[in-house]
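Structure first, commentary second.
In this note's numbering, the protein residues as written are 3 to 288.
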């Protein structure tokens, strides 16, 4: 039967079975994937403290912003290349795959040197030259949904990457802009099962950016897994009250570790593997 959708390679009609690929012993698209870390890399002590904590919990993916696209030009803009270098050093020391947001086509070579997964943020979801370049890079790509983008537009953005030669794409729902101001964005939970019906690509959710409130991260995370998400990307900080960006939506270390058993129980119901070290205590850092 002909595929009548505007996207082709990302569709279930093109490939019915789920796309899976392995990084750091975790099967993306099959296992429950947890990506965690600070909104921004601030200094060596901060990123190494958080990385050590994550590694002791057996978390395999470290997120961190090196180039920060902020709404205000006066907000912290990131450590840039130094931030990427610190992420790579921390990742290598503690056995973590590095996930960081790339801002432009001219940064692909640099990011390929330091990061294991290249993240496309909401502002760049329709940066088509960047998407094509990432398709040629061969590196796994985490593609966030644009804040005002439809699901069709989101899947077409993924089509740009795959049609350029790279099928290792992870879709990330991060909330959309609506009239509601009580939360930073409005999480579109329905997008998760809908995209899973339409596409074979793995889908994860960002409850931190999606809500802007750390107290909502746990319930939204559990809701996402129940709705069919293949993983989560969560902001975690050793001192959120002193964070240079997005401290209000970052979990304290002990809050993050407390969340994991609940996620494993939810993952078990969906027959998804989620391995972490529940006995590790690091309360003096939280």
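No residue lacks a Cβ here, since even glycine has one placed at the ideal position from N, Cα and C.
Would you call the stretch 239–249 and the stretch 218–226 in contact, with 3 or more CB pairs under 8 Å?
The answer is no - the stretch 218–226 does not touch the stretch 239–249, with fewer than three Cβ pairs under 8 Å.
In terms of residue numbering, what span does the alpha helix (DSSP H) encompassing residue 114 cover?
Residue 114 -> alpha helix (DSSP H) spans 110–116.
Say whether the stretch 270–278 touches the stretch 28–48, bearing in mind that this needs 3 or more beta-carbon pairs closer than 8 Å, one atom from each stretch.
With a cut-off of 8 Å, the stretch 28–48 and the stretch 270–278 count as touching, because enough Cβ pairs lie within range.
Between residue 288 and residue 137, what straight-line distance do the alpha-carbon atoms span, to the nearest angstrom?
Confidence is the limiting factor: at residue 288 the pLDDT is only 38, short of 50, which leaves the residue's position unreliable, though a coordinate-based value still follows. Taking the straight line from one Cα to the other gives about 39 Å.
If you draw a straight line from the C-alpha of residue 3 to the C-alpha of residue 83, how long is it?
A caution first: residue 3 carries a pLDDT of 48, below 50, which makes its placement in the model unreliable, though a value can still be read off. In this model, residue 3 and residue 83 are separated by some 48 Å (Cα to Cα).
Identify whether residue 197 lies in helix, strand or coil by the three-state DSSP scheme.
In this structure, residue 197 counts as helix in the three-state DSSP scheme.
Which of the three DSSP states, helix, strand or coil, is assigned to residue 17?
Assignment of residue 17 by DSSP, reduced to helix, strand and coil, places it in the coil class.
What three-state label does DSSP hand residue 46 in the structure shown?
If DSSP states are grouped into helix, strand and coil, residue 46 belongs with the helices.
Can you grab the Cα-Cα spacing for the pair residue 134 / residue 73, in whole Å?
Going by the C-alpha atoms only, they are around 25 Å apart.
DSSP three-state label for residue 144, please.
Per DSSP, reduced to three states, the secondary structure at residue 144 is strand.
Reducing DSSP to helix, strand and coil, say where residue 266 ends up.
Three-state result, residue 266: helix.
Residue 99 - DSSP class collapsed to helix/strand/coil
For residue 99, the secondary structure class from DSSP, reduced to helix, strand or coil, is strand.
Determine the closest residue to residue 147 out of 110, 188 and 184, with distance taken between C-alpha atoms.
Nearest of 110, 188 and 184 to residue 147, Cα basis: 188.
Among 128, 98, 108 and 145, nearest to residue 120 - alpha-carbon criterion:
The shortest Cα separation from residue 120 among 128, 98, 108 and 145 belongs to 145.
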